Each structure stands twice: as structure tokens, then as C-alpha cells.
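Chemist: Quick one: structure below, then a few questions.
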Amino acid sequence: MIVDLRSDTVTKPTPGMLDAMMHAEVGDDVFGEDPSIKKLENKCAHLLEMEAAVFCPSGTMTNQIGINVLTRPFDEVICYKGAHIYKYEGGGLAGNSHVSVRLLSGDRGRLSVEEIAANINSTDSHYPVTSVVALENTVVREAGSYYTLDQIKSVSEFSRPKGLKLHLDGARFFNALVETGDRSQDYGRFFDTVSICLSKGLGSPVGSVLVCKKELEPKVRRMRKAFGGGMRQSGFLAAAAIYALDHHVTRLKEDHVRAKELSKVLMKQSYVKSMMPVDTNIIIFELAPGVTTEKFLAKIGEHQIKALAFSQTEIRLVTHLDFDDRMLEKATDVFKRLSI
Ligand SMILES: *Cc1c(COP(=O)(O)O)cnc(C)c1O
282 MIVDLRSDTV TKPTPGMLDA MMHAEVGDDV FGEDPSIKKL ENKCAHLLEM
332 EAAVFCPSGT MTNQIGINVL TRPFDEVICY KGAHIYKYEG GGLAGNSHVS
382 VRLLSGDRGR LSVEEIAANI NSTDSHYPVT SVVALENTVV REAGSYYTLD
432 QIKSVSEFSR PKGLKLHLDG ARFFNALVET GDRSQDYGRF FDTVSICLSK
482 GLGSPVGSVL VCKKELEPKV RRMRKAFGGG MRQSGFLAAA AIYALDHHVT
532 RLKEDHVRAK ELSKVLMKQS YVKSMMPVDT NIIIFELAPG VTTEKFLAKI
582 GEHQIKALAF SQTEIRLVTH LDFDDRMLEK ATDVFKRLSI
């Protein structure tokens, strides 16, 4: 039994999902003729009570398009210093949108009104034009910390009157919601663009959606085309995503419970120096001095357990749809007995 905890992207479609895909009604989506894609896009727009949604091949693409349609070259985007849009998208903001970034620490990646207020540039021509506040929920680099709707509301209500646009990287948006109990329908009004990954915890094989305001939709579709993200019979993927949204949202809580269980065991081990709080489905810990990530990964690899080196000294584990109680038992057992 292989236990793959590298990411929540490693899941395979379930039989129910495969069945939905096999029976999907499809058409050419570049011609706007794929009924399953239309259904998914409508569903996502409704889920956030926003007006439009556009299906894309990846969350990187939905983020990059989101920032692109909200900025002009030479603008500046405010985000957390470990934000996915900045740190893990191959320099896309610079290359695709020609914008600079203002990197904030946040409280475990969560930006506050005070920190944002202190980082909006004046109109003096020395400075780039601050135009977007980009939030991430949950924050991957901070082990899945999440915002409450009240925090989001205060950031949005402060930023909008200053002429700033708001983008949400909601790769793991539903992981946040199952913890806070907030409704997705209450989120949309605080943002201009929201990116949601369907291929993370939701367990769909491919794809993300960019949910947005109606007036942004033509621009979003144009940029998707320009970035090479227009697809043909992508309804097969939409069918998987619809199935995931119908069946795999509330169960995310299970992933959080298993992550907590794993973290409790890991925290007691001598090879773990420190661990970030575990709020959702991501565990990030620092290895004890002398224990390299290579050594740790090799050791657990001997037991068919896979994890990810998240920096030179940190390990990341992510729980997901294909990590069940049997695997949890195996992993905790191995972590307890591991001698490094
Ligand atoms: C995974 C992820 C994305 C998008 O990644 P893709 O692999 O391009 O789909 C965006 N933001 C965050 C926070 C992520 O974890």
C-alpha cells in the first residue's frame, strides 16, 4: 500500500466520478458549445453568487488571468510574501502582467486592514500604482491557515473605496468553508475575481474555475485564449468537477481530522523540531538539526510513504480523498517507529 501525502492533487477519479465523465454531454467549448462546461460555469457562479465563471486547465492559469484582467502594466499587487501567485507560479505575474508585488507577512499569511493600509502607494510618480489586493484562502505556505468571512469583509470594505480590486486565490476555498461554516454565497460580493481549484481536495482530475463579475468575463475569456487555455470537448472534465462539487465538499472535514491525527503523532517525534498549527488538511514541520529532508524522505520511502520537501529543512504532508483510515493507521505507525 502506497501512502502518498505529497499533495491533495494526487487523487484519482472515483468510480462515481468516472461514470459521470463517461456520460458527459460534450461539445466544442471554444465555440461555446459544451453543455457540461456551461453547466459547471453556471454552478460555480451561483455557488459564489457572482455573475460569471470560466473553466481553465489549472489554478495557476485562473490566478494569472485574474491578476491580468485587474491590472495594467506597472501596477502593483499586494499579497502575502509566500503567496502562490508570487512564489509558485514561475514568475508569471512579472511575465504575463508586467506588475510588481508588495509582499506582506500577514498573520500566518492572512492580511489585515492595518497591514494593507500601510502598503498602499501614494500617487507620487516614484511608486507603482497599487491596484489589487490578492488574498489566498486557505494559505498553502502557512499550512492551510484560513480567513473567516468577517476578516475578508473588513479587507474588502476597506480596499474597495480606495479603488483597489480584489482577487481571491481560493485553491482550497472549500477547505476554509468547512471549518468556518461560512457560506460560499456570501463570498462573491467581496471580490472581483475568485479562483477555485477542482483538482485539489475536491478530487477532480483537471481544472480550476475563475469566478468573476460579468463585465470581466469577455476579458477573462480572451486571456484564457491568449494563454492557450481554450479547450474543446472539456465537458468530460466539467462532469468530473460537477460530481466533485456535489459529493466531495462536506467530506473535506475528514481530511482535516486525519491531518490533526497525523500531526499529533508527528509532533511527539524527536526528528520533528517544530510544526505550524494544523488548521485544515496541510501539515508543515521543520526537521530537527542533522535530519535532512533527503534522509527523512528516503526513510519513509522505505515504507512506501511519500511526502514533499517544502524547503531545505521543512516537510509538507497533505491529506486528501485517497488517504483513508487504513492509510492513516499505517502512516502513524511508521512515523512512531521511524528511527533517524
Ligand atoms: C495548487 C495551488 C494553485 C494552483 O495550482 P495548479 O497546480 O496550477 O492548479 C493556486 N494556489 C494555491 C494556493 C495552490 O495551492
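Position in the sequence shown (first residue = 1) + 281 = my numbering. Where is the CB? At the ideal position from N, CA and C, for every residue including glycine. Everything numeric in this text was worked out from a predicted model, so none of it was measured.
#1: Verify the contact flag: Tyr-361, CB atom, against every heavy atom of ligand 1, threshold strictly below 8 Å.
#2: Buried or exposed for Glu-496, going by 16 or more other Cβ atoms inside 10 Å?
#3: Could you pull out every residue in the same chain whose Cβ sits closer than 8 Å to the Cβ of Cys-493, ignoring the five residues on either side in sequence?
#4: Can you tell me whether DSSP reads Asp-309 as helix, strand or coil?
#5: Answer yes or no: do Ala-452 and Glu-498 have a C-beta to C-beta separation smaller than 9 Å?
#6: Alpha helix (DSSP H) containing Ala-525: first to last residue?
#7: Can you tell me whether Met-504 is buried or exposed, with buried defined as 16 or more other CB within 10 angstroms of its CB?
#8: Contact between the stretch 434-448 and the stretch 387-396 is defined here as three or more beta-carbon pairs at a separation below 8 Å; is this criterion met?
#9: Hey, would you say Lys-443 sits closer than 9 Å to Ile-401, going by beta carbons?
#10: Please report the distance separating the alpha-carbon of Ala-540 from that of Ser-620.
#11: Please state whether the Cβ-Cβ distance between Met-533 and Gly-482 is less than 9 Å.
#12: Please classify Asp-356: does DSSP put it in a helix, a strand, or coil?
#13: May I have the straight-line CA-CA distance separating Asp-309 from Cys-478, to the nearest angstrom?
#14: Return the residue from the list Lys-587, Val-380, Val-487 that minimises the CA-CA distance to Met-608.
#15: As an exercise, report each continuous alpha helix (DSSP H) stretch of at least 4 residues that is fully enclosed by the stretch 475-518, in chain order.
#16: Can you name the start and end residues of the beta strand (DSSP E) that Gly-390 belongs to?
#17: Quick check: the Cα distance between Arg-353 and Ala-415, rounded to an integer number of angstroms?
Modeler: Walking through what the data contain:
#1: Translated into positions along the sequence shown, residue 361 becomes position 80. Result no, Cβ not under 8 Å from ligand 1.
#2: In the sequence shown, counting from the first residue as 1, residue 496 sits at position 215. So Glu-496 ends up on the exposed side.
#3: Position 212 of the sequence shown, counted from the first residue, corresponds to residue 493. Hits under 8 Å: Met-331, Glu-332, Ala-333, Ala-334, Val-335, Gly-347, Val-350, Asp-473, Thr-474, Val-475, Val-501.
#4: Taking the sequence shown and counting its residues from 1, one reaches residue 309 at position 28. Reduced to three states, the DSSP call for Asp-309 is coil.
#5: On the sequence shown, residue 452 is found 171 positions in, with the first residue counted as 1. On the sequence shown, residue 498 is found 217 positions in, with the first residue counted as 1. For Ala-452 and Glu-498, no; Cβs fall outside 9 Å.
#6: For the purposes of this step, residue 525 is identified with residue 244 of the sequence shown, where counting begins at 1. 516-528 is the extent of the alpha helix (DSSP H) around Ala-525.
#7: Position 223 of the sequence shown, counted from the first residue, corresponds to residue 504. Under this definition Met-504 is a buried residue.
#8: yes
#9: The sequence position of residue 443 within the sequence shown is 162, counting from 1. The sequence position of residue 401 within the sequence shown is 120, counting from 1. Yes, Cβ-Cβ distance for Lys-443 and Ile-401 is below 9 Å.
#10: By 1-based counting over the sequence shown, the position of residue 540 is 259. By 1-based counting over the sequence shown, the position of residue 620 is 339. About 22 Å.
#11: Residue numbering aside, residue 533 sits at position 252 when the sequence shown is read from its first letter. Residue numbering aside, residue 482 sits at position 201 when the sequence shown is read from its first letter. Residue identity check: residue 533 is Leu in the sequence provided, not Met. In contact: Leu-533 and Gly-482 (Cβ atoms closer than 9 Å).
#12: For the purposes of this step, residue 356 is taken as residue 75 along the sequence shown, with counting starting at 1. Of the three classes helix, strand and coil, the one that applies to Asp-356 here is strand, per DSSP.
#13: Indexing the sequence shown from 1 puts residue 309 at position 28. Indexing the sequence shown from 1 puts residue 478 at position 197. Using only the alpha carbons, I get a separation of about 22 Å.
#14: Here residue 608 corresponds to residue number 327 of the sequence shown, with the count starting at 1. Among Lys-587, Val-380, Val-487, the Cα nearest to that of Met-608 belongs to Lys-587.
#15: 498-507
#16: Here residue 390 refers to the residue found at position 109 when the sequence shown is read from its first residue. It is not in any beta strand (DSSP E) - Gly-390 carries neither H nor E in the DSSP assignment.
#17: To locate residue 353, count along the sequence shown from 1; it is residue 72. To locate residue 415, count along the sequence shown from 1; it is residue 134. Taking the straight line joining both Cα atoms gives about 15 Å.
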